[in-house]
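This report refers to the structure that appears directly beneath it.
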Amino acid sequence: DTEVTQTPKHLVMGMTNKKSLKCEQHMGHRAMYWYKQKAKKPPELMFVYSYEKLSINESVPSRFSPECPNSSLLNLHLHALQPEDSALYLCASSQEGGVLYFGPGTRLTVT
Amino acid sequence: AQSVTQLDSQVPVFEEAPVELRCNYSSSVSVYLFWYVQYPNQGLQLLLKYLSGSTLVESINGFEAEFNKSQTSFHLRKPSVHISDTAEYFCAVTEPHYSGGYNKLIFGAGTRLAVHP
Numbered sequence: 001d002t003e004v005t006q007t008p009k010h011l012v013m014g015m016t017n018k019k020s021l022k023c024e025q026h027m028g029h030r031a032m033y034w035y036k037q038k039a040k041k042p043p044e045l046m047f048v049y050s051y052e053k054l055s056i057n058e059s060v061p062s063r064f065s066p067e068c069p070n071s072s073l074l075n076l077h078l079h080a081l082q083p084e085d086s087a088l089y090l091c092a093s094s095q096e097g098g099v100l101y102f103g104p105g106t107r108l109t110v111t
Numbered sequence: 112a113q114s115v116t117q118l119d120s121q122v123p124v125f126e127e128a129p130v131e132l133r134c135n136y137s138s139s140v141s142v143y144l145f146w147y148v149q150y151p152n153q154g155l156q157l158l159l160k161y162l163s164g165s166t167l168v169e170s171i172n173g174f175e176a177e178f179n180k181s182q183t184s185f186h187l188r189k190p191s192v193h194i195s196d197t198a199e200y201f202c203a204v205t206e207p208h209y210s211g212g213y214n215k216l217i218f219g220a221g222t223r224l225a226v227h228p
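Chains as they are written, first to last, in my numbering: chain A, 1 to 111; chain G, 112 to 228.
Now the structure itself:
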C-alpha cells in the first residue's frame, strides 16, 4: 500500500479564518513533506519533517504553521492567508533515502 | 546546486504515435531520478524511478526511461501513446540525504503531453 491521504479535498477560506490541512500515511515512512503547487507550475517544497522533527523550512511565511503530532500524521495550520496563497497543497512521505509518495492534494482558495 | 531542465513545455502527439519527453539534470554527485505524472485536478503519481542498477527502467503502463550519465539525461519514452496518457509529466532529481533521513526533490518545470485522436 503506497497511499497518502489528505483532507479536505477542497477548502475555501477567508483571509481572517484559521483552518488546518491534514495528511496521513500508514507506510511506516519517517519523512513527511508539504509542497505548494500553483497552476501550471511544478510543486515547491515548503517543509520537511524527518523522525517527527522539522528538518527543512523553505523560508515559508509564518501564516503557515506545520505540525507533526506522530509519525503517521502531518498537519498544516493556516491563519491570515492572502489570496496569492490559493494553490494545490500536496503532502508526501518517504522512507529514509527513498521514493516520495504524494497524496491527492487539497485545493485551497483564499477569498 | 542541482537543477532539472525539461526541454519541452508542451508536446502534442497523435494517438498510437511514439513520444519522447526530454529531461536533463545537473549535479556534481550521484543522484536519484524520477518521473512523476499528474492528471488534471489530481496529485502526483510516481511513474518511474532510477536509484541504481540498470540504466533502463520501465513502468507497468508502457513508459520507459534511460539514465545516461555522460549526457546527464533521463528521457521518458513510450512507443505508442493513448488518449489516457494526456497529463503533465514532471522529471525530478534528488541527492540522497542518508544522514537526514529525507530526500529533497528538485522538479523540472513540467511537460504537458496532449494526445489527440
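Cβ coordinates follow ideal geometry from the N, Cα and C atoms, glycine included.
>> When you compare the CB of Phe-102 of chain A with every CB in chain G, is at least one pair closer than 9 angstroms?
In response: Within the first sequence, numbered from 1, the residue matching residue 102 of chain A stands at position 102. Output row for Phe-102 of chain A: interface = yes.
> chain G beta carbons: is any one of them nearer than 9 angstroms to that of Gly-14 of chain A?
Replying inline: Here residue 14 of chain A refers to the residue found at position 14 when the first sequence is read from its first residue. So, not an interface residue.
> Is the shortest distance between the beta-carbon of Leu-157 of chain G and the beta-carbons of chain A less than 9 angstroms?
Replying inline: For the purposes of this step, residue 157 of chain G is taken as residue 46 along the second sequence, with counting starting at 1. Yes, because at least one Cβ of chain A sits closer than 9 angstroms to the Cβ of Leu-157 of chain G.
> Looking at the structure shown, is Pro-83 of chain A part of a helix, part of a strand, or coil, going by DSSP?
Replying inline: Residue mapping note: residue 83 of chain A aligns to position 83 of the first sequence, counting from 1. Helix at Pro-83 of chain A.
>> What would DSSP say about Ser-195 of chain G, mapped onto helix, strand or coil?
In response: On the second sequence, position 84 is the one that residue 195 of chain G refers to. Note: Ser-195 of chain G maps to helix in three-state DSSP.
> Grouping DSSP H, G and I as helix and E and B as strand, with all else coil, what is Arg-117 of chain A?
Replying inline: Residue 117 of chain A is absent from the structure shown; chain A starts at 1 and stops at 111.
> Run through DSSP, which three-state label would Asn-135 of chain G get?
Replying inline: Translated into the one-based positions of the second sequence, residue 135 of chain G becomes position 24. The answer is strand: DSSP assigns Asn-135 of chain G an E or B state.
>> Buried or exposed, going by whether 16 or more other CB atoms sit within 10 Å of the CB of Lys-189 of chain G?
In response: Residue 189 of chain G sits at position 78 when you count from the first residue of the second sequence. Burial of Lys-189 of chain G is indicated by the presence of at least 16 other C-beta atoms within 10 angstroms of its C-beta.
> Is the distance from the Cβ of Glu-24 of chain A to the Cβ of Leu-74 of chain A below 9 angstroms?
Replying inline: By one-based count along the first sequence, residue 24 of chain A stands at place 24. By one-based count along the first sequence, residue 74 of chain A stands at place 74. Against a cut-off of 9 angstroms, the Cβ pair of Leu-74 of chain A and Glu-24 of chain A comes out as a contact.
> Where does Ile-194 of chain G land, buried or exposed, given buried means 16+ other C-beta within 10 angstroms?
Replying inline: Position 83 of the second sequence, counted from the first residue, corresponds to residue 194 of chain G. Under this definition Ile-194 of chain G is an exposed residue.
> Do Leu-224 of chain G and Val-115 of chain G have their C-beta atoms within less than 9 angstroms of each other?
Replying inline: Stepping through the second sequence from its first residue, residue 224 of chain G is reached at position 113. Stepping through the second sequence from its first residue, residue 115 of chain G is reached at position 4. Going by C-beta atoms, Leu-224 of chain G is not nearer than 9 angstroms to Val-115 of chain G.
> In three-state DSSP terms, what is Glu-126 of chain G?
Replying inline: Residue numbering aside, residue 126 of chain G sits at position 15 when the second sequence is read from its first letter. Glu-126 of chain G falls in the coil class under three-state DSSP.
>> Below 8 angstroms on the Cβ atoms is my contact criterion, and I expect Pro-104 of chain A with Gly-219 of chain G to pass it. Report the Cβ-Cβ distance as a whole number of Å.
In response: What you label residue 104 of chain A is simply residue 104 of the first sequence in a count that begins at 1. What you label residue 219 of chain G is simply residue 108 of the second sequence in a count that begins at 1. With a Cβ gap of about 21 angstroms, Pro-104 of chain A and Gly-219 of chain G do not count as contacting.
> Out of curiosity, what's the CA-to-CA distance linking Val-140 of chain G and Ala-87 of chain A?
Replying inline: To locate residue 140 of chain G, count along the second sequence from 1; it is residue 29. To locate residue 87 of chain A, count along the first sequence from 1; it is residue 87. Their Cα atoms are separated by approximately 33 angstroms.
> Count the other CB atoms within 10 Å of the CB of Ile-171 of chain G; is the residue buried (16 or more) or exposed (fewer)?
Replying inline: Translated into positions along the second sequence, residue 171 of chain G becomes position 60. Ile-171 of chain G is exposed by the Cβ-count criterion.
>> Residues of chain G with CB closer than 8 angstroms to the CB of Tyr-178 of chain A, please, in chain order.
In response: Residue 178 of chain A is absent from the model: chain A starts at 1 and stops at 111.
> Closest by CA to Glu-169 of chain G, which one among G:Lys-180, G:Trp-146 and G:Asn-152?
Replying inline: Numbered from 1 along the second sequence, position 58 holds the residue referred to as residue 169 of chain G. Cα-wise, what sits closest to Glu-169 of chain G is G:Trp-146.
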